[in-house]
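*Asks:*
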Amino acid sequence: MKLYKMKLYNIVFSPTGGTQKVAVLLTKALAGEAAAIDLTDSKQDFSAIRLTQEDVALIAVPSYGGRVPAVAVERLTAMHGQGARAVLVCVYGNRAYEDTLVELEDAAQKAGFRVIAAVAAVAEHSIARQFAAGRPDAQDAAQLAAFGEKIQAKLSADDLSEPDLPGNRPYKKAGGAGMVPKATKACNRCGVCAAECPVQAIHKEDPTKVDEKACISCMRCVAVCPQGARRVNPLLLSAAGLMLKKVCSERKDCELFL
Numbered sequence: 001m002k003l004y005k006m007k008l009y010n011i012v013f014s015p016t017g018g019t020q021k022v023a024v025l026l027t028k029a030l031a032g033e034a035a036a037i038d039l040t041d042s043k044q045d046f047s048a049i050r051l052t053q054e055d056v057a058l059i060a061v062p063s064y065g066g067r068v069p070a071v072a073v074e075r076l077t078a079m080h081g082q083g084a085r086a087v088l089v090c091v092y093g094n095r096a097y098e099d100t101l102v103e104l105e106d107a108a109q110k111a112g113f114r115v116i117a118a119v120a121a122v123a124e125h126s127i128a129r130q131f132a133a134g135r136p137d138a139q140d141a142a143q144l145a146a147f148g149e150k151i152q153a154k155l156s157a158d159d160l161s162e163p164d165l166p167g168n169r170p171y172k173k174a175g176g177a178g179m180v181p182k183a184t185k186a187c188n189r190c191g192v193c194a195a196e197c198p199v200q201a202i203h204k205e206d207p208t209k210v211d212e213k214a215c216i217s218c219m220r221c222v223a224v225c226p227q228g229a230r231r232v233n234p235l236l237l238s239a240a241g242l243m244l245k246k247v248c249s250e251r252k253d254c255e256l257f258l
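In full-length UniProt numbering, the protein residues as written are 1 to 258.
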């Protein structure tokens, strides 16, 4: 079968890297290479991004409490899809993704994309990292490669039918304030966390100060700190682990919606 000639864009919100890993695996099966658009970049002017109807966008986000991170929705809907086909990717920490895909579908359509496929995949939980540790793994990679071939076949057939996605409208209520990482004594105020924070919740002059209302508990600061000097409250982390143990322990497979 002749492969569909396309320009592929990876539009990804991945504060700790798990969503990016899934996007890369799926991209390899689709086209091998893609232009990257980083939805975590607070300095980017997303309203200046315009695609064409000949393009294909892989739009990947993590599920936060069964919803798309609000800042990802805001930045995605500022873009101009202009009829580009979209493959939606929702990545979650082995608990549940609930209304994430339908919310992402609505945001993509609002931005002018045509949704032709969607994938739900599992990556290591960004907060309670003992859950889905090491994922996406080899089994996930094989599943995502097979999904990529099926999506490529749909593109080659110029099939623009919309997938039937699980989820509810109206969406579930967004969660309240989550766990806010704080600086430990090991912090040397290098400023990496402040520069990398997707919502600029960390004070640039004094990274030990955090705007707790702005923080989205994405754990980006924990992941990028060179000194390993940012942590969440260990008691809260332990409580979260106990709460998640029952619902996160059984392995969940990737899902494809065509």
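Ideal Cβ placement from N, Cα and C applies to all residues, glycine included.
Please read all numbers here as calculations on a predicted model, not as lab measurements.
Below 7 Å between beta carbons: does that hold for Glu162 and Val115?
*Replies:* yes
*Asks:* Please classify Ser217 as buried or exposed, where buried requires at least 16 neighbouring CB atoms within 10 angstroms.
*Replies:* buried
*Asks:* Counting C-beta neighbours from all protein chains within 10 Å, is the total for Met243 16 or more, i.e. buried, or is it exposed?
*Replies:* Exposed.
*Asks:* Report yes or no: do three or more beta-carbon pairs, one from the segment 147 to 164 and one from the segment 194 to 210, lie closer than 8 Å?
*Replies:* no
*Asks:* Which ranges would you report for the beta strand (DSSP E) in the UniProt domain "Flavodoxin-like" (8 to 152) if only whole runs of at least 3 residues count?
*Replies:* 35 to 38, 55 to 62, 85 to 92, 114 to 122
*Asks:* Write down the C-beta distance between Val232 and Val210 rounded to the nearest angstrom, noting that I regard them as a contact closer than 8 Å.
*Replies:* Contact flag wrong, Cβ pair sits at about 11 Å.
*Asks:* Sort out for me which residues DSSP pairs Ala183 with in a bridge.
*Replies:* Paired residue(s): Arg230.
*Asks:* Where does Glu196 sit, in a helix, a strand or coil, going by DSSP?
*Replies:* helix
*Asks:* Residue range of the beta strand (DSSP E) that Leu160 falls in?
*Replies:* Run containing Leu160: none; DSSP gives neither H nor E here.
*Asks:* Buried or exposed: Gln139, going by 16 or more other Cβ atoms within 10 Å of its Cβ?
*Replies:* exposed
*Asks:* Between Val119 and Leu256, is the Cβ-Cβ spacing less than 7 Å?
*Replies:* Closer than 7 Å, so yes.
*Asks:* On a Cα-Cα basis, can you pick out the residue from Ala96, Val71, Cys221 that is closest to Val247?
*Replies:* Distances from the CA of Val247 to each of Ala96, Val71, Cys221 were compared; the closest alpha carbon is that of Ala96.
*Asks:* I'd like the span of the alpha helix (DSSP H) that includes Val210, first residue to last.
*Replies:* Premise fails: Val210 is in no alpha helix (DSSP H) and is neither H nor E.
*Asks:* According to DSSP, residue 312 sits in a beta bridge with which residue or residues?
*Replies:* In the structure as shown, the chain starts at 1 and stops at 258, and residue 312 therefore has no counterpart that could be examined.
*Asks:* Please classify Gln130 as buried or exposed, where buried requires at least 16 other C-beta atoms within 10 Å of its C-beta.
*Replies:* exposed
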